[in-house]
Amino acid sequence: MSGRDKIRSSVEKWRAERASGRTVRARLAALEDEVQELRQLNRRIAELTDVVAELLVPIQDRDKEKVQEVLARYRARI
Amino acid sequence: MTESSAAAAHPAPVGGVSVDDRGVHVAVQGTGPLVLSVEGRYVWSLTPERDGTPEAGGWLVRWPHVLDRFLDGVGRITVSDVAGETVYFDAEVPLGSGEGALEIVDGDGNPLSVDKVGHLTRSFAATDEGIRAEILEGTQRALRDLRETCGVEAYLNYGALLGAIRDGAMIAHDSDTDVCYLSKHETPADIILESYKIERTMRDLGWNLLRMSGGDIKLLLPLSDGRSCHIDIFVAFYVRGTFYQLGNRSGQVAREVILPVSQIELHGYTFPAPAQPEAMLAFLYGPSWRVPDPSFKYADPRAGVRRLDGWLRGFRTTMGGWTEFWTSAASDEVSRRSSTFGRWVQKQLAAGSSVMDVGSGNGRDAVYLARRGHRVWAVDFSRGAVRLTGRRARRHEVDVRAEQLILGELRQVLTFGARLARDPHHIAARQLLGAIDAQAREQFWRMCSMALREDRKLFLEFFATGPEGSGVPAPAPHGLQRRVDPDQVAAEIRASGGVIEHLEVGPGDDLFDQPDPCVCRIRASWPAPKGDPA
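Line by line, the protein sequences are chains A and B.
To convert, note that position 27 of the first sequence is 27 in our numbering; the numbers rise steadily by one, no gaps.
To convert, note that position 501 of the second sequence is 501 in our numbering; the numbers rise steadily by one, no gaps.
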C-alpha cells in the first residue's frame with residue numbers, strides 16, 4: 001500500500017469511527033456519563049439502607065407475626 | 001471594614017466609573033473589586049475584569065437580575081474600592097422611570113444586598129446588634145448540638161471564620177453562617193447516611209431545616225424581627241486522600257488543619273474552629289485571604305465539583321426554580337379556578353373518592369376536587385406551593401392535606417407509597433412530568449405501582465412533544481417546563497406494571513390557561529400482579 005493509500009485508509013477509518021461515535025473523545029464523554037451514573041448509586045444505596053434500617057426494626061417490634069409473614073413471602077419470591 | 005465606610009466619608013470621586021440602567025461602566029483599569037452602595041448602604045460588589053464585558057475601552061458590568069425589580073427611581077449611588085478610600089462615582093442616578101425613590105429593600109423595609117452566589121439577602125451590616133447576637137447564639141447552639149448530640153467534629157467555617165480571624169467581627173456583607181463537620185466515613189453512601197441521621201437528630205432537637213443535598217442541610221433560625229437566618233451545615237470528608245468540603249471545595253488539606261478543633265472568638269462568643277484556621281482560610285480563599293474582597297468567587301476544581309454532583313446531588317435540580325416561581329409575583333398569573341384537567345378528572349370519579357394531587361401548585365384543582373366532596377391529599381416539591389395550597393384550602397374552608405413530597409428522594413417515595421398502599425387514593429398529576437427529571441419520573445411510577453391498588457387510577461396531563469419538525473413552542477414557564485414524549489411515558493408506565501386505559505394528544509391549556517397545541521392526557525391503572533394477594 002502506498003503512502004497516499006495509507007493516509008486515505010486512515011482518514012476513512014477516522015471518518016467511520018467519528019460517524020459511529022467510537023472516537024476517543026466520544027468514548028471519553030460516554031465513559032464520564034457512565035461513571036457519573038455509578039456515582040449516583042451512592043445516594044440510592046444510602047436511601048434504601050436508611051429506609052430499611054429505620055423502618056424494619058420498628059415494624060418488627062410492633063407486629064412480629066405479620067412482619068415475619070411479609071419477610072417470609074419476600075424471601076420465597078427472590 | 002464597615003457598611004458605612006464607603007459612603008460616610010465621601011472623598012471626592014476620582015471618576016472613570018458611571019452608572020445607568022444597563023449597569024456599571026468602568027473606564028479605568030486595575031480597580032480591583034468595587035463596592036456599590038445606594039444611599040450609603042452596601043448593595044453589590046463587582047470585579048470589572050471578571051464580571052463585565054469589554055465596552056468602549058473599559059468594562060460594562062450589568063446589573064444582577066435579582067435587582068431588576070428594584071431598579072426604578074432616583075437614588076444616590078456610590079461606587080468605591082472595598083476600603084471606601086477611593087470613590088470612583090458618587091451621584092444621584094435616575095433609573096427606570098426615574099420617579100420616586102430608589103429603594104432596595106424587602107417587604108418590611110429591610111435593606112437587601114446581593115450575596116456571593118448572586119442571591120438577594122439581608123447582610124449583617126443591615127442587621128442590628130440584637131439580631132446579630134441571636135444569629136451568633138443560634139450558630140453556637142447548632143455547633144453544640146452537632147458536637148455533643150450528633151457526635152460529629154463540627155467547626156465554624158467560611159465567612160464567619162474569615163471575619164473572626166481577620167477582624168474579630170462578622171464580615172459586613174455576609175448574610176448566613178456556615179458550619180462544617182469532618183465525617184469519619186470515606187464512602188459517599190455512608191457519608192449520606194450519616195447526614196440523614198444528623199438531620200433526624202437536629203429535627204428532634206427542634207430545628208426547622210431543609211435538605212440541600214446528600215451532604216448538607218440548612219437550618220432556618222427564626223429571628224425576633226420575623227425573619228429567619230440560614231445556618232448551612234456542610235459535610236467535609238476524605239475520599240482516597242482528597243479532601244472534599246461542601247459547597248464545592250476539593251483539594252489537599254491535611255487532617256491536622258482541622259483536628260483537634262481550636263477555639264475562636266467572634267463578638268465575644270466562642271466557637272469551635274479548625275485547628276489551623278489560617279490554613280483552612282488559605283484553602284478556601286487563596287493566599288490573599290487577608291485582603292477583603294466581597295466580590296470573591298470560588299475557583300473549584302472541575303473534577304471535584306463533578307464528583308460531588310454525582311455522589312451527593314441530583315434530587316432537587318428543578319425544585320429551586322419552582323419554589324422561586326411559586327413565591328414570586330409571576331405565580332399570581334396562574335388562575336385560581338379549576339383547570340380543564342381538574343374537571344376532566346372530576347367527571348371520572350365516584351362521589352366521595354380519595355385523590356392525591358401530585359404537583360398541586362397553587363392548589364386550584366386540589367381545592368376544586370375537595371369542594372366537589374372528594375377527600376384530597378395535595379403534594380408538591382415546592383414548599384411555596386404547599387403553603388399556597390394550604391392557604392387556598394383554608395380560605396375555601398375545605399379539608400385538604402397539603403404536604404411536601406420530593407419525588408427525587410427515594411426515601412420519601414417509598415414511605416409515601418407505603419402510606420398510600422394502606423390508604424388508597426387515585427392520583428392526579430397535571431404538568432408534573434415536564435417539571436421533574438427522568439429519575440424523579442421513574443420514582444413516580446414506583447409510587448404509582450405501590451399505591452394504585454384495587455380500582456384506583458392515575459390521571460395525567462403533560463406537554464407533549466409534537467410530531468418531528470412541527471416546531472411546537474417551549475411551554476411556559478420558560479425553563480421550568482418541558483415537553484415529554486407520550487410514547488416514552490406510555491412505555492415507562494407499562495414497564496412499571498401499569499396499563500394505559502386512555503391516551504389522547506391534542507390542544508389544551510398551559511399553566512396560565514393559554515392555549516397549547518400539544519397536550520397529552522393519560523388514564524392508567526396498576527392491576528395487581530397475578531398470584532399477588534392485594
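Virtual Cβ for every residue (Gly too), placed ideally from N, Cα, C.
Treat the numbers as computed from the prediction; the structure is a model and nothing was measured.
Secondary structure of F296 (chain B) (DSSP, three-state): coil. Residues of chain B with a Cβ closer than 8 Å to the Cβ of V51 (chain A) are, in chain order, L410, R411, L414, T415. For E34 (chain A), no CB of chain B lies under 8 Å from its own CB, so it is not counted at the interface with that chain. Excluding five sequence positions before and after G100 (chain B), the CB atoms of its chain that fall closer than 6 Å to its own CB belong to G73, given in chain order.
Comparing alpha-carbon positions, the option among B:T121, B:S195, B:G352, B:K116 lying closest to G107 (chain B) turns out to be B:T121.
If you look at Q404 (chain B), you'll find it in the beta strand (DSSP E) that goes 400-404. CA-to-CA, the gap between G226 (chain B) and V61 (chain B) works out to about 34 Å. One thing to note: S496 (chain B) has its Cβ within 8 Å of the Cβ of W445 (chain B).
As DSSP reads the structure, V87 (chain B) sits in a beta bridge with B:S80. Scanning chain B for C-beta atoms nearer than 9 Å to the C-beta of A19 (chain A) yields nothing, as the closest lies near 21 Å away.
Between the alpha carbons of A282 (chain B) and W59 (chain B) lies a gap of roughly 29 Å. Counting along the chain, the unbroken alpha helix (DSSP H) around P277 (chain B) starts and ends at 277-285.
A56 (chain B) and P294 (chain B) have their alpha carbons spaced roughly 26 Å apart. Residue contact with chain A for G214 (chain B): present (Cβ-Cβ distance below 8 Å to some residue of chain A).
Shown here for I217 (chain B): same chain residues with a beta carbon closer than 6 Å to its own, the five before and five after excluded, namely E199, L209, R211, I233 in chain order.
Between R521 (chain B) and L460 (chain B), the C-beta gap is smaller than 8 Å, which places the two residues in contact.
CA-CA distance, G359 (chain B) to G408 (chain B), rounds to 13 Å. In the DSSP assignment, W63 (chain B) falls outside any beta strand (DSSP E), carrying neither H nor E. V235 (chain B) places its beta carbon less than 8 Å from that of I191 (chain B). For the pair V261 (chain B) and Y155 (chain B), the CB atoms are nearer than the 8 Å cut-off.
The count of Cβ pairs closer than 8 Å, one atom from the segment 249-259 of chain B and one from the segment 127-147 of chain B, stays below three, leaving the stretches out of contact. Between V472 (chain B) and P486 (chain B), the beta carbon gap of about 13 Å keeps them out of contact (Cβ cut-off 8 Å).
Here C229 (chain B) is bridged, per DSSP, to B:L221.
Rounded to the nearest whole angstrom, the C-alpha separation of G352 (chain B) and P475 (chain B) is 34 Å. Between A451 (chain B) and A421 (chain B), the C-beta spacing is below 8 Å. In terms of Cβ geometry, P48 (chain B) and L34 (chain B) form a close pair [threshold 8 Å].
The Cβ of L193 (chain B) sits closer than 8 Å to at least one Cβ of chain A. When 9 Å is used as the limit between beta carbons, W311 (chain B) is near these residues of chain A: R39, Q40, N42, R43, in chain order.
Between W326 (chain B) and G384 (chain B) a beta carbon distance of about 4 Å is seen, short of the 8 Å cut, so the two are scored as contacting.
I104 (chain B) is positioned such that its CB atom lies no closer than 8 Å to that of A91 (chain B).
Judged by DSSP in its simplified three-state form, E99 (chain B) adopts coil rather than helix or strand.
Sequence-distant partners of R337 (chain B) (beyond 5 residues in either direction) whose C-beta falls short of 8 Å from its own C-beta, in its chain, are R364, Y368. DSSP, reduced to helix, strand and coil, places Q431 (chain B) outside both helices and strands of the structure shown, so it counts as coil.
Non-local beta-carbon contacts of D51 (chain B) in its own chain, meaning distances under 6 Å to residues more than five positions away in sequence, involve V61 in chain order.
The segment 444-520 of chain B is shown to contain whole beta strand (DSSP E) runs of 3 or more residues at 457-463, 499-509, in chain order. Your pair L266 (chain B) and A160 (chain B) checks out as a contact, with CB atoms roughly 6 Å apart and the cut at 8 Å.
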